[in-house]
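Working notes, structure below.
Numbering (the working numbering), first residue to last: 281 to 394.
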């Protein structure tokens with residue numbers, strides 16, 4: 281068998297909104313396939329796809345994205361302007377720093393920096 285990662289699919293209420301958000305945060309292109317399916321496509325080949333589901337998000341994500349940035353504060357400002365929220369304060373450890381965020385639908389992700 282020859283298998284490879286194709287895309288990461290995220291359930292949500294508003295696929296076009298999340299595709300636009302993630303395309304803006306990560307420097308990609310938002311693509312609306314139909315009202316229930318959109319994606320954010322990136323030059324690296326990564327695709328984040330968003331599929332409409334009827335139920336709201338409940339609880340903490342079991343999987344989240346870590347987004348490497350040079351300047352966490354600038355990344356937080358941009359993401360918040362686009363509809364994200366911080367969920368906690370900036371944390372530092374022996375390796376670097378990270379800021380836990382929530383996208384416009386409450387999906388957790390982190391900005392990380394060495």
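Just so you know, even glycine gets a beta-carbon here, dropped at the ideal spot from N, CA and C.
Values in this document were obtained by computation on a predicted structure and should not be read as measured data.
For residue 381, the closest of 286, 370, 375 by C-alpha to C-alpha distance is 370. In this structure, residue 332 places its C-beta atom within 8 Å of the C-beta atom of residue 295.
Taking C-alpha positions only, residue 364 is separated from residue 386 by approximately 8 Å. For residue 347, the enclosing beta strand (DSSP E) begins and ends at 345-348.
Of the other Cβ atoms in all chains shown, fewer than 16 fall within 10 Å of the Cβ of residue 360; this residue is therefore exposed.
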